[in-house]
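Taken in sequence, the protein lines are chains A and B. Going by this note's numbering, the first sequence wraps up at 110, each residue one higher than the last. Going by this note's numbering, the second sequence wraps up at 125, each residue one higher than the last.
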Amino acid sequence: KNEVEQSPQNLTAQEGEFITINCSYSVGISALHWLQQHPGGGIVSLFMLSSGKKKHGRLIATINIQEKHSSLHITASHPRDSAVYICAVKGAQKLVFGQGTRLTINP
Amino acid sequence: EPEVTQTPSHQVTQMGQEVILRCVPISNHLYFYWYRQILGQKVEFLVSFYNNEISEKSEIFDDQFSVERPDGSNFTLKIRSTKLEDSAMYFCASGLAGGGEQFFGPGTRLTVL
Numbered sequence: 004k005n006e007v008e009q010s011p012q013n014l015t016a017q018e019g020e021f022i023t024i025n026c027s028y029s030v031g032i033s034a035l036h037w038l039q040q041h042p043g044g045g046i047v048s049l050f051m052l053s054s055g056k057k058k059h060g061r062l063i064a065t066i067n068i069q070e071k072h073s074s075l076h077i078t079a080s081h082p083r084d085s086a087v088y089i090c091a092v093k094g095a096q097k098l099v100f101g102q103g104t105r106l107t108i109n110p
Numbered sequence: 013e014p015e016v017t018q019t020p021s022h023q024v025t026q027m028g029q030e031v032i033l034r035c036v037p038i039s040n041h042l043y044f045y046w047y048r049q050i051l052g053q054k055v056e057f058l059v060s061f062y063n064n065e066i067s068e069k070s071e072i073f074d075d076q077f078s079v080e081r082p083d084g085s086n087f088t089l090k091i092r093s094t095k096l097e098d099s100a101m102y103f104c105a106s107g108l109a110g111g112g113e114q115f116f117g118p119g120t121r122l123t124v125l
């Protein structure tokens with residue numbers, strides 16, 4: 004069993020839709036990261052959280068430590084949000100990555 | 013805004029050759045990392061570096077790999093004798109605190125022929 008599982012693997016939606024990407028993990032963690040990987044390959048850090056909820060613009064990330072689950076939400080999605088979204092968890096030191104969710108927003 | 017830079021953006025090499033991938037972390041950061049992503053697969057941790065020594069490494073980071081911070085700004089990953097399966101995107105990252113946010117470079121695509 005993978006330590007970090009994301010769902011769905013692929014998601015296609017229309018512009019304006021509310022998007023939810025889920026991440027479940029099986030190990031104890033000190034923090035969870037949400038990352039965005041652009042089509043060119045570059046990785047951008049979106050959030051790092053260890054409890055509760057964080058919001059940045061149209062992006063919201065939540066985490067439930069007891070259930071070992073996190074969600075990334077995008078409100079009013081836009082074609083420029085199209086990317087791979089990666090969940091990564093941090094145990095003692097290293098980051099363990101999920102396989103990513105490929106999001107495509109159609110105009 | 014400060015950013016992590018990596019050079020080269022793409023490196024093509026012959027199997028068995030040595031390669032050095034270079035990274036310039038954000039200047040006041042203290043923690044440095046290398047990750048790799050084989051095409052179509054997930055990102056994998058290679059090594060973390062703090063206070064001029066390796067603090068953690070994965071099983072991938074065998075004797076063929078080494079890291080160095082030769083001066084105050086560069087952080088390098090050396091692969092001594094490249095194999096076909098080393099072909100991947102290699103990302104450098106840096107952070108201010110060990111458990112904190114990490115900032116990723118744009119990556120170096122390594123192709124081993």
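For every residue, glycine included, the Cβ atom is placed at its ideal position computed from N, Cα and C. Since the structure is predicted, the reported quantities are computational estimates derived from the model, not experimental observations.
Residue range of the beta strand (DSSP E) that includes residue i
{"i": "Thr-111 (chain A)", "result": "No information on residue 111 (chain A) is available, as it lies outside the stretch 4 to 110 that chain A covers here."}
{"i": "Ser-27 (chain A)", "result": "22-28"}
{"i": "Ala-86 (chain A)", "result": "86-93"}
{"i": "Gly-67 (chain B)", "result": "The question names Gly, but residue 67 (chain B) is Ser in the sequence shown. 65-69 is the extent of the beta strand (DSSP E) around Ser-67 (chain B)."}
{"i": "Val-121 (chain B)", "result": "A quick correction: the sequence has Arg, not Val, at residue 121 (chain B). Note, Arg-121 (chain B): beta strand (DSSP E), 120-124."}
{"i": "Ser-39 (chain B)", "result": "From DSSP, Ser-39 (chain B) is part of no beta strand (DSSP E); its letter is neither H nor E."}
{"i": "His-36 (chain A)", "result": "34-40"}
{"i": "Asn-86 (chain B)", "result": "Segment: none, Asn-86 (chain B) is in no beta strand (DSSP E) and carries neither H nor E."}
{"i": "His-79 (chain A)", "result": "Looking at the sequence provided, one finds Ala at residue 79 (chain A) rather than His. Neither: Ala-79 (chain A) is in no beta strand (DSSP E) and is coded neither H nor E."}
{"i": "Ile-68 (chain A)", "result": "Element bounds for Ile-68 (chain A): n/a, residue is neither H nor E."}
{"i": "Gln-18 (chain B)", "result": "17-19"}
{"i": "Ser-106 (chain B)", "result": "100-107"}
{"i": "Phe-146 (chain B)", "result": "Nothing in the structure corresponds to residue 146 (chain B), since chain B is present only between 13 and 125."}
Status (buried if at least 16 other CB within 10 Å, exposed otherwise) for residue i
{"i": "Thr-94 (chain B)", "result": "buried"}
{"i": "Val-47 (chain A)", "result": "exposed"}
{"i": "Val-79 (chain B)", "result": "buried"}
Legend entry - Positions along the stretch 72-102 of chain A whose CB lies within less than 8 Å of some CB in chain B: Going along the stretch 72-102 of chain A in chain order, one finds Ile-89, Ala-91, Lys-93, Ala-95, Gln-96, Lys-97, Leu-98, Val-99, Phe-100, Gly-101, Gln-102 with a Cβ nearer than 8 Å to chain B.
Inset, instruction - Quick one: which residues of the stretch 54-83 of chain B get their C-beta closer than 8 Å to a C-beta of chain A? List them in chain order. - result: Those would be Lys-54, Val-55, Glu-56, Phe-57, Ser-60, Ser-67, Glu-68, Ser-70, in chain order.
Inset, instruction - Give, in chain order, every residue of the stretch 110-125 of chain B whose Cβ lies closer than 9 Å to some Cβ of chain A. - result: Against chain A - using a Cβ distance shorter than 9 Å - the residues of the stretch 110-125 of chain B are Gly-110, Gly-111, Gly-112, Glu-113, Gln-114, Phe-115, Phe-116, Gly-117, Pro-118, Gly-119, Arg-121.
Inset, instruction - Spell out a yes or no on whether the stretch 80-88 of chain A and the stretch 14-33 of chain A are touching, meaning 3 or more CB-CB pairs, one atom from each, closer than 8 Å. - result: Touching, yes.
Inset, instruction - Return the residues of the stretch 45-64 of chain A that lie within a Cβ-Cβ distance of less than 8 Å from chain B, sorted by chain order. - result: Gly-45, Ile-46, Val-47, Ser-48, Met-51: these are the residues of the stretch 45-64 of chain A whose beta carbon lies less than 8 Å from some beta carbon of chain B, given in chain order.
Inset, instruction - Determine which residues of the stretch 25-42 of chain A have a Cβ less than 9 Å from any Cβ of chain B, and write them out in chain order. - result: Within the stretch 25-42 of chain A, the qualifying residues are Ser-33, Ala-34, His-36, Leu-38, Gln-40.
Inset, instruction - Evaluate contact between the stretch 101-108 of chain B and the stretch 13-22 of chain B, counting only Cβ atoms and requiring at least three cross-stretch pairs below 8 Å. - result: The stretch 101-108 of chain B vs the stretch 13-22 of chain B: in contact.
Legend entry - Three CB pairs or more closer than 8 Å across the stretch 55-68 of chain A and the stretch 5-17 of chain A: No, the stretch 55-68 of chain A does not touch the stretch 5-17 of chain A.
Legend entry - Three or more C-beta pairs below 8 Å linking the stretch 81-92 of chain B and the stretch 26-40 of chain B: Touching, yes, given that three or more Cβ pairs across the two stretches are closer than 8 Å.
Inset, instruction - Output, in sequence order along the chain, the residues in the stretch 99-110 of chain B whose CB is closer than 9 Å to any CB in chain A. - result: Going along the stretch 99-110 of chain B in chain order, one finds Met-101, Phe-103, Ala-105, Gly-110 with a Cβ nearer than 9 Å to chain A.
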